[in-house]
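Student: The sequence shown begins at 229 in the working numbering and counts up one residue at a time.
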Amino acid sequence: MARLLIVGMLVLAVVFGAAMYYLQVYAYYEDVTATEGDIMLTAADGDPITLPFTDFTGIDAISSPLRYRGCLTTDIDTAILATAMPLPFAEPRIAPRWFDCFDAREIGADLQSGLATAYLGTANVQYGIDRVIAVYPDGRAYIWHEINACGEAVFNRYPAPDTCPPAPESLQ
Numbered sequence: 229m230a231r232l233l234i235v236g237m238l239v240l241a242v243v244f245g246a247a248m249y250y251l252q253v254y255a256y257y258e259d260v261t262a263t264e265g266d267i268m269l270t271a272a273d274g275d276p277i278t279l280p281f282t283d284f285t286g287i288d289a290i291s292s293p294l295r296y297r298g299c300l301t302t303d304i305d306t307a308i309l310a311t312a313m314p315l316p317f318a319e320p321r322i323a324p325r326w327f328d329c330f331d332a333r334e335i336g337a338d339l340q341s342g343l344a345t346a347y348l349g350t351a352n353v354q355y356g357i358d359r360v361i362a363v364y365p366d367g368r369a370y371i372w373h374e375i376n377a378c379g380e381a382v383f384n385r386y387p388a389p390d391t392c393p394p395a396p397e398s399l400q
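Pasting the structure below:
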């Protein structure tokens, strides 16, 4: 009887473990599409810069705004790109293994070595969350979301810095 109980508990643990893995890695993600004008960079003066692109592949999940990832190709003029706001400390987030166009470790290493440059895409795409776009000289580009200073403070229940927009009621 004890063996049956132990085997039952082990089977239950494996089933719940597999379900949790599936929920974290596959269940909440859905494909995202983008059309011309959907993806923007922010200029150093705050004005939006439309990022021309092709070959967009993206995913997002309703469970967190930080799960957004995208891969694309751009032919943006380098003179226009030079006006975009760089983000020297941007760090890409790991994507699910099955989303194989986005290798966060490689992108992160390339950002550190200078092979790619990260720019502010859209600030506060959702309160406290910025869209970041890393661009390579050959036109490859990758997109992800990061928590900004406003989000970092408010999500941790600290007062937002004076430079932040007012937090939504739901976060106060």
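Beta carbons: idealized from backbone N, C-alpha and C, even for Gly. No experiment lies behind these values; they were computed from the predicted model shown.
Between the region 377-387 and the region 331-350, can you find at least three pairs of beta-carbon atoms closer than 8 Å?
Tutor: The region 331-350, when compared against the region 377-387, does not touch it at the 8 Å Cβ threshold.
Student: Go through its chain and collect everything with a Cβ distance to Thr302's Cβ below 7 Å, but skip five positions before and after it.
Tutor: Closer than 7 Å at the Cβ level, and outside the excluded window around Thr302, lie Leu279, Pro280, Phe281, Val363, Gly367, Ala369.
Student: Would the region 310-321 and the region 234-249 be scored as touching if the rule is three or more Cβ pairs under 8 Å?
Tutor: The region 310-321 vs the region 234-249: no contact.
Student: Expressed to the nearest angstrom, what Euclidean distance is found between the alpha-carbon atoms of Arg325 and Gly342?
Tutor: Those two C-alpha atoms are separated by around 25 Å.
Student: Spatial neighbours of Val353 within its chain, please: CB distance less than 6 Å, with the 5 preceding and 5 following residues excluded, ordered by chain position.
Tutor: So the list reads Arg359, once near-sequence residues are dropped.
Student: Can you list, in chain order, the residues of its chain whose CB lies under 8 Å from that of Ala272, leaving out five sequence neighbours each side?
Tutor: Contacts found: Thr311, Ala312, Met313.
Student: Assuming Ile287 and Arg297 form a contact by the criterion Cβ under 8 Å, report the distance between their Cβ atoms to the nearest whole angstrom.
Tutor: Right, their Cβ atoms sit about 5 Å apart.
Student: Distance, Cα to Cα, Val260 vs Asp266?
Tutor: Cα to Cα, the separation comes out at about 11 Å.
Student: Alpha carbon to alpha carbon, how far is Ala241 from Pro293? Give it in angstroms, no decimals.
Tutor: Computed Cα separation, rounded: 30 Å.
Student: From Ala323, Thr270, Cys299, pick the residue whose C-alpha is nearest to that of Tyr254; which is it?
Tutor: Measuring from the Cα of Tyr254, the nearest candidate turns out to be Ala323.
Student: When you compare only the Cα positions, how much space is there between Ile249 and Thr306?
Tutor: In the sequence as displayed, the identity of residue 249 is Tyr instead of Ile. So the two alpha carbons sit approximately 42 Å from each other.
Student: With a cut-off of 8 Å on the beta carbons, I'd call Ile458 and Ile371 a contact; round off their distance for me.
Tutor: Nothing can be reported for residue 458: it is not among the residues displayed for the chain, which extend from 229 to 400.
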